[in-house]
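Undergrad: Residue numbers (the working numbering): 146 to 394. The structure under discussion is supplied below as structure tokens; questions concerning it will follow.
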């Protein structure tokens, strides 16, 4: 796909990524970064755009999962408390653009593997054993720092941790990840705005595409059976994009 074609079809592509990510309670920043790497946008503008889309998509996903009673405040607040200051700190760190592409490439590769292997970790068993508060705060701090540096919400790291440690089932993990992403994305976007990093001129169309995709994806994820094969397809696409990003680095 040429750069011009990528720009024209970007809102549609964003909608597809938003739909797939919102179905598991994620904002999709890693997917948007992979798509925006196909355009002429700078790394900084791409990061700001991905966070803006993240904020919109994860908010819609959180609302949908919360409406279905999948949200646990007891599970979420220690994670949010730990993440907030470190997401701010990570967002203020300045890294070389090539190093940035390597970091984002690794994150996108992790997201791809996470999505490809998601079905194996979702047994459908109900879990409700949140971690001790200090452990939750420490976990949120670690993910928040990495999220701030790379410019994502952190859901692709938090969800598998919640499921594998049996702190939450898949649905509750999705709701918790969604509000976690909203908080981290808002912090990261605010820091970038304060640093004078502008959003791309077509951001309204990208947000419209993201919102439409998120509405469909969140409805599917919160109310219907998980579409595992769609997540695996997205995972394969992300792995290809990760190679492209790593080559740029």
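We put the beta carbon where it would ideally sit given N, CA and C, even for glycine. Bear in mind that the values here come from a model prediction, so they are computed numbers and not experimental data.
Under the rule that 16 or more other beta-carbon atoms within 10 Å means buried, what is residue 268, buried or exposed?
TA: Interpretation of residue 268 is limited by its pLDDT of 46, a score under 50 that renders its predicted location unreliable; the figure taken from the coordinates is listed afterwards. So residue 268 counts as exposed.
Undergrad: Pop quiz: residue 293 and residue 344 are said to be a contact at Cβ under 8 Å. What is the actual Cβ separation, rounded to whole angstroms?
TA: With 8 Å as the limit, residue 293 and residue 344 do not qualify as a contact, their Cβ atoms being about 18 Å apart.
Undergrad: Alpha carbon to alpha carbon, what distance is there between residue 155 and residue 281?
TA: 37 Å
Undergrad: Buried or exposed: where does residue 153 fall if 16 or more other Cβ atoms within 10 Å of its Cβ makes it buried?
TA: Residue 153 should be labelled exposed.
Undergrad: So, for residue 322: in the same chain, excluding its five sequence neighbours on each side, which residues have a beta-carbon less than 7 Å away from its beta-carbon?
TA: Excluding sequence neighbours, residue 322 sits near 170, 171, 300, 303, 304.
Undergrad: Once DSSP output is grouped into helix, strand and coil, what is the label at residue 347?
TA: coil
Undergrad: Looking at the unbroken alpha helix (DSSP H) that takes in residue 214, where does it start and where does it end?
TA: No alpha helix (DSSP H) holds residue 214; DSSP gives it neither H nor E.
Undergrad: Quick check on residue 332: does DSSP put it in helix, strand or coil?
TA: helix
Undergrad: Assuming residue 313 contacts residue 209 under a Cβ cut-off of 8 Å, what Cβ separation, rounded to an integer in Å, is found between them?
TA: Going by Cβ atoms, the distance from residue 313 to residue 209 rounds to 17 Å, so no, they are not a contact pair.
Undergrad: Here's the rule: buried if 16 or more other CB atoms are within 10 angstroms of the residue's CB, otherwise exposed. What is residue 202?
TA: buried
Undergrad: What do you reckon, is the C-beta of residue 349 under 7 Å from a heavy atom of the ligand NAD?
TA: Annotation note on the ligand NAD: not contained in the displayed structure, which lists no ligands.
Undergrad: Output the distance between the C-alpha atoms of residue 224 and residue 212, rounded to the nearest integer angstrom.
TA: So the two alpha carbons sit approximately 21 Å from each other.
Undergrad: Counting C-beta neighbours from all protein chains within 10 Å, is the total for residue 346 16 or more, i.e. buried, or is it exposed?
TA: exposed
Undergrad: Under 8 Å, do residue 318 and residue 327 count as touching if we go by C-beta distance?
TA: no
Undergrad: Give me the Cα-Cα distance between residue 277 and residue 239, rounded to the nearest whole angstrom.
TA: 33 Å
Undergrad: Figure out for me which residue from 287, 255, 220 has the closest Cα to the Cα of residue 274.
TA: 220
Undergrad: Just to confirm my understanding: we take residue 147, look at its own chain, exclude 5 residues before and 5 after, and list those with CB closer than 8 Å. What are they?
TA: Any reading at residue 147 needs caution, since the residue's pLDDT is 48, under 50, leaving its predicted position unreliable; the model's value is listed next. No residues qualify anywhere along the chain.
Undergrad: Run through DSSP, which three-state label would residue 360 get?
TA: helix
Undergrad: Exposed or buried, what is residue 341 when buried is set at 16 or more other beta-carbons lying within 10 Å of its beta-carbon?
TA: exposed
Undergrad: Do residue 195 and residue 166 have their C-beta atoms closer together than 8 Å?
TA: No Cβ-Cβ contact shorter than 8 Å links residue 195 with residue 166.
Undergrad: With a Cβ-Cβ cutoff of 8 Å, do residue 227 and residue 285 count as a contact?
TA: yes
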